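Q:
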Amino acid sequence: MLEVANISHQYANRSHWLRRIPPTPVLNNISFTLEKGCCLGLLGMSGAGKSTLGNIILGLEKPTQGQILFEGQDLYRVNTPTRHRIRRDLQVVFQDCYSAVNPLMTAAQIIGEPLDNYEKLTSVQHKQRVKQLLEQVGLRAEDGNKRPHQFSGGQLQRINIARAIALNPKLIVLDESVSSLDMVNQMQILSLLAELKKTHQLSYLFVTHDIRAAMTICDRVMVIDQGELVYQDDMHQSMMQSNHPAVQKLIAAILPEHPSERIVFDHQV
Ligand SMILES: Nc1ncnc2c1ncn2[C@@H]1O[C@H](COP(=O)(O)OP(=O)(O)OP(=O)(O)O)[C@@H](O)[C@H]1O
1 MLEVANISHQ YANRSHWLRR IPPTPVLNNI SFTLEKGCCL GLLGMSGAGK STLGNIILGL
61 EKPTQGQILF EGQDLYRVNT PTRHRIRRDL QVVFQDCYSA VNPLMTAAQI IGEPLDNYEK
121 LTSVQHKQRV KQLLEQVGLR AEDGNKRPHQ FSGGQLQRIN IARAIALNPK LIVLDESVSS
181 LDMVNQMQIL SLLAELKKTH QLSYLFVTHD IRAAMTICDR VMVIDQGELV YQDDMHQSMM
241 QSNHPAVQKL IAAILPEHPS ERIVFDHQV
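Counted from 1, the sequence shown has number 226 at position 226 by the UniProt record's numbering; the numbering is strictly sequential.
1) Within 10 Å of its beta-carbon, does ALA162 have 16 or more other beta-carbons around it, so buried, or fewer, so exposed?
2) Please say whether ILE224 and LYS50 have beta carbons closer to each other than 8 Å?
3) Check each candidate in SER242, VAL221, GLN241, GLU35 and name the one with the smallest Cα separation from GLN232.
4) Could you tell me which uninterrupted alpha helix (DSSP H) segments, each at least 4 residues in length, are contained entirely in the stretch 196–231, listed from first to last along the chain?
5) Taking 7 Å as the cut-off, is the C-beta of GLY49 nearer than that to any heavy atom in ligand 1?
6) Taking only heavy atoms of ligand 1 into account, decide whether any of them is closer than 7 Å to the Cβ of SER180.
7) Note the first and the last residue of the continuous beta strand (DSSP E) segment covering PRO25.
8) Extract the residue ranges of the alpha helix (DSSP H) inside the stretch 126–179, only unbroken runs of 4 or more that lie entirely within it.
9) LEU121 to GLY112, Cα distance in whole Å?
10) If THR106 and LYS146 are in contact, beta carbons under 8 Å, what's the gap, nearest whole angstrom?
11) Just verifying my parser: in three-state terms, what is the DSSP assignment at TYR98?
12) Whole angstroms is fine: what's the gap from GLY59's alpha carbon to CYS39's?
13) Could you give the residue range of the alpha helix (DSSP H) that holds GLU113?
14) So, are the CB atoms of THR64 and HIS9 less than 8 Å apart?
15) Near GLU61, what residues of its chain come up, given a Cβ to Cβ distance below 6 Å and the 5 sequence neighbours on each side ignored?
16) Along the alpha helix (DSSP H) that carries VAL247, what are the first and last residues, could you check?
17) Let me know the secondary structure DSSP gives GLN186 once reduced to three states.
18) Compute the beta-carbon to beta-carbon distance between ALA166 and LEU190, rounded to the nearest angstrom, for a pair I have assumed lies under 8 Å.
19) Which one of LYS36, LEU53, GLY41, PHE32 has the shortest CA to CA distance from GLY227?
20) Quick one: is the Cβ of GLN244 within less than 7 Å of any heavy atom of ligand 1?
21) Tell me whether TYR231 counts as near ligand 1, meaning its Cβ is closer than 7 Å to at least one heavy atom of that ligand.
22) With burial defined as no fewer than 16 other Cβ atoms inside 10 Å of the residue's Cβ, what is the status of ALA12: buried or exposed?
23) Which same chain residues end up closer than 6 Å to LEU181 when comparing Cβ atoms and leaving out the 5 residues on each side of it in sequence?
24) Residue 278: beta carbon under 7 Å from a heavy atom of ligand 1?
25) Measuring CB to CB, does GLN95 end up less than 8 Å from GLU176?
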């Protein structure tokens, strides 16, 4: 369904009139595929290039080189109507659930926004669909009248998820979507995501630095380190046994229960 082919990317640096600053390379020749109904974990330490790759896949950042093929169509070369259609099939849930929503809007308005933009529903149908979406993510119809500050972080992330599934997308990029939540909320949201994946036949790109969260939900995992794809596997077991330094750092970043057993790196996550 999604093919990432030879993606390289560099960010331009502003040059001074006396001195030209070369661009910063962040991704180097990344290729992989993501099949329908699969949850692929994209792991890496801070600054590895995960969000940049996520943004490129979402069509938000044009790569310096390579192609993003969504159902065979090159995301950066299609015409505007096709791009518009692909946009509804590709959704995202970001880490910061508060900044992802307009604080002045009600939950119903937030969830209903993509419907306003893409669907031609009557007001009764619109209301019914928003109610259904609220219930699908474990909230009540009455919660639709509340504004973001009246929700907990976990509840607000459920609203972001409801908005992401409103148009029945094919792929959702989950960019550190559970990272800012406490452990109990993380597990609840991960199990909600797993359930929605099954009922809606969704595919996920699960971007994270948390190997435990990835192991809970992902069917396959890959690791990027300093812009390079250094590890790809479909068996979590062998990932835990990998000797690759980037994988070892991710494993070590799982905090043992006792502080004295924790490993500290020069470049901590
Ligand atoms: N808009 C930008 N302009 C210039 N450099 C950027 C920009 N966005 C990211 N970078 C740099 O690109 C590199 C990769 O950043 P990116 O956000 O993709 O990493 P990440 O793996 O998602 O990290 P984190 O887990 O901390 O979010 C970093 O060195 C970052 O400083």
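Every residue, glycine too, gets a C-beta built ideally from N, C-alpha and C. These figures come from a predicted structure and were not determined experimentally.
A: Taking the geometry as given:
1) In the sequence shown, counting from the first residue as 1, residue 162 sits at position 162. By the neighbour-count criterion, in which a residue is buried when 16 or more other Cβ atoms sit within 10 angstroms of its Cβ, ALA162 is buried.
2) To locate residue 50, count along the sequence shown from 1; it is residue 50. To locate residue 224, count along the sequence shown from 1; it is residue 224. It is a contact, given that the beta carbons lie within the stated cut-off.
3) The count along the sequence shown starts at 1 and reaches residue 232 at position 232. Of the listed residues, the one whose Cα sits closest to GLN232 is VAL221.
4) Complete alpha helix (DSSP H) runs here, min 4: 211–217.
5) For the purposes of this step, residue 49 is taken as the residue at position 49 of the sequence shown. Because some heavy atom of ligand 1 lies under 7 Å away, the Cβ of GLY49 counts as near it: yes.
6) If you number the sequence shown from 1, residue 180 lands on position 180. No, since every heavy atom of ligand 1 falls outside the 7 Å radius drawn around the Cβ of SER180.
7) Counting from one through the sequence shown, the residue named residue 25 turns up at place 25. Segment 24–34, the beta strand (DSSP E) holding PRO25.
8) Taking only runs of at least 4 residues, the alpha helix (DSSP H) segments lying wholly in the stretch 126–179 are 153–165.
9) Working through the sequence shown from its first residue, we reach residue 121 at position 121. Working through the sequence shown from its first residue, we reach residue 112 at position 112. Straight-line Cα distance between these residues: approximately 10 Å.
10) Sequence index remark: in the sequence shown, residue 106 carries index 106 (1-based). Sequence index remark: in the sequence shown, residue 146 carries index 146 (1-based). The distance from the Cβ of THR106 to that of LYS146 is about 7 Å, consistent with a contact at the 8 Å cut-off.
11) In the sequence shown, the residue the question calls residue 98 occupies position 98. Note: TYR98 maps to coil in three-state DSSP.
12) Here residue 59 refers to the residue found at position 59 when the sequence shown is read from its first residue. Here residue 39 refers to the residue found at position 39 when the sequence shown is read from its first residue. CYS39 has its alpha-carbon roughly 19 Å from the corresponding atom of GLY59.
13) Sequence index remark: in the sequence shown, residue 113 carries index 113 (1-based). 107–118 is the span of the alpha helix (DSSP H), which, as asked, contains GLU113.
14) On the sequence shown, position 64 is the one that residue 64 refers to. On the sequence shown, position 9 is the one that residue 9 refers to. It is a contact, given that the beta carbons lie within the stated cut-off.
15) To locate residue 61, count along the sequence shown from 1; it is residue 61. The answer, listed in chain order, is ASN55.
16) The residue you call residue 247 lines up with position 247 of the sequence shown. It spans 245–252 - the alpha helix (DSSP H) in which VAL247 sits, taken as one unbroken run.
17) Along the sequence shown, read from residue 1 onward, the residue named residue 186 stands at position 186. If DSSP states are grouped into helix, strand and coil, GLN186 belongs with the helices.
18) For the purposes of this step, residue 166 is identified with residue 166 of the sequence shown, where counting begins at 1. For the purposes of this step, residue 190 is identified with residue 190 of the sequence shown, where counting begins at 1. ALA166 to LEU190, Cβ: 20 Å. No contact.
19) The count along the sequence shown starts at 1 and reaches residue 227 at position 227. When LYS36, LEU53, GLY41, PHE32 are compared, the shortest CA-CA separation from GLY227 is found for LEU53.
20) For the purposes of this step, residue 244 is taken as residue 244 along the sequence shown, with counting starting at 1. Residue identity differs from the one stated: residue 244 is His in this sequence, not Gln. No; taking the cut-off as 7 Å, the Cβ of HIS244 has no heavy atom of ligand 1 nearer than that.
21) Translated into the one-based positions of the sequence shown, residue 231 becomes position 231. Because no heavy atom of ligand 1 lies under 7 Å away, the Cβ of TYR231 does not count as near it: no.
22) Sequence index remark: in the sequence shown, residue 12 carries index 12 (1-based). Counting Cβ neighbours within 10 Å, ALA12 comes out exposed, since fewer than 16 surround it.
23) One-based indexing of the sequence shown puts residue 181 at position 181. Around LEU181: GLY153, GLY154.
24) Past the edges of the chain, shown from 1 to 269, lies residue 278, and the structure says nothing about it.
25) Numbered from its first residue, the sequence shown carries residue 95 at position 95. Numbered from its first residue, the sequence shown carries residue 176 at position 176. Going by C-beta atoms, GLN95 is nearer than 8 Å to GLU176.
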